[in-house]
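Numbering (our numbering), first residue to last: 316 to 627.
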């Protein structure tokens, strides 16, 4: 009987075979976590506080920063619990909730990057109508649409996790819960839960990437039609930060996918390390990219950290 073998909790895993080094491994992870919190938190504060940044481009950047913080807050508690306290047990409800948030936020990030591409498309193709097209209300609707799309698309597979009996090993492969990790432990027909995520990835993440690519083809076509070299450079420069964030996100997605699909014989520590890169690298790099490449953000940071007498 399933009920005799099903328990109400799973066991999370840190770095197998390296348990004695968990405290040392946690040091660079904590440093990255702190950097993510400071970097994205600073962006959100600047965009809220600086009226010069109250533009659609920066509102979308705030959505990206909030999403990155959400990923960090979702994964950090269980990771540090495992590495610091060896607290590996997690209840089914908490595990499924964490998996839902992690996968939802991944879809949200892709959607926000798409919205930012739309923003750049409008800014360069229709600069005179930019503010009339991307009003605050429309930006808010786009943000709600991105969030709704992600939350509803992930819900069917997470709901089904509550119905499955779990009679196999209850040890998960990571220090956080992922849907693909949990379904391996289910003693039931998981065909839907195997196929549906593939459909979601193709229908949303890959579609987002193709739409972003096509939008930049039109952007480049518009830019090449600008007579002034300085104006062309200025127009392209407004896209550089966004392009860098796109590359960071989708390169890590492709890397993680290749490891899962074609690296089955690779050491387990490689899979674990790649999953941490996937969840930590984009949130770490996004504020760095915008701080380096966007002058308005640079000025805001200088004003924020300058002494009162230097502001005067």
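The beta-carbon is built from N, C-alpha and C at its ideal position, and this holds for glycine as well.
Because the structure is a prediction, the values reported are computed rather than measured.
Continuous alpha helix (DSSP H) stretch holding residue i: start and end
i, result
"residue 429", "407-440"
"residue 590", "583-608"
"residue 499", "It is not in any alpha helix (DSSP H) - residue 499 carries neither H nor E in the DSSP assignment."
"residue 455", "451-476"
"residue 447", "445-448"
Through-space distance from residue j to residue i, alpha-carbon basis
i, j, result
"residue 625", "residue 614", "A caution first: residue 625 carries a pLDDT of 48, below 50, which makes its placement in the model too unreliable to give a value."
"residue 536", "residue 403", "53 Å"
"residue 641", "residue 559", "No statement about residue 641 is possible, as the shown extent of the chain runs from 316 to 627 and does not include it."
"residue 398", "residue 333", "10 Å"
"residue 425", "residue 518", "12 Å"
"residue 331", "residue 504", "29 Å"
"residue 376", "residue 602", "9 Å"
"residue 467", "residue 515", "11 Å"
"residue 317", "residue 501", "In this predicted model, residue 317 has a pLDDT of only 38, less than 50, meaning its place in the structure is not dependable; the value taken from the coordinates is given anyway. Cα to Cα, residue 317 sits roughly 10 Å from residue 501."
"residue 482", "residue 325", "11 Å"
"residue 495", "residue 569", "16 Å"
"residue 368", "residue 604", "17 Å"
"residue 370", "residue 353", "22 Å"
"residue 590", "residue 396", "17 Å"
Among the options, the one whose alpha carbon lies nearest that of residue i
i, options, result
"residue 423", "399, 457, 438 and 394", "457"
"residue 464", "390, 430, 496 and 444", "430"
"residue 406", "556, 547, 570 and 327", "327"
"residue 488", "575, 363 and 502", "575"
"residue 450", "461, 460 and 434", "434"
"residue 470", "485, 411 and 453", "411"
"residue 329", "480, 401 and 618", "401"
"residue 413", "616, 490, 610 and 520", "490"
"residue 550", "609, 346, 586 and 420", "609"
"residue 415", "437, 356, 370 and 472", "472"
"residue 611", "346, 577, 556 and 446", "556"
"residue 619", "543, 359 and 584", "359"
"residue 572", "617, 521 and 428", "521"
Heavy atom of the ligand ZN within 7 Å of residue i beta-carbon
i, result
"residue 561", "Among the components of this structure there are no ligands whatsoever, and the ligand ZN is therefore not found."
Do the region 503-514 and the region 528-536 meet, that is, are 3 or more Cβ pairs less than 8 Å apart? No, the region 503-514 does not touch the region 528-536.
In chain order, each alpha helix (DSSP H) run of at least 4 residues that lies wholly inside the region 316-371: Listed in chain order, they are 337-364.
Measuring CB atoms only, is the region 382-401 touching the region 584-600, in the sense that at least three cross pairs come out at less than 8 Å? In this structure the region 382-401 touches the region 584-600; the number of beta carbon pairs closer than 8 Å is three or more.
Report the residue ranges of all alpha helix (DSSP H) runs contained in full by the region 482-569; include only those spanning at least 4 residues, in chain order. Fully enclosed alpha helix (DSSP H) runs of 4 or longer: 494-497, 506-515 and 522-539.
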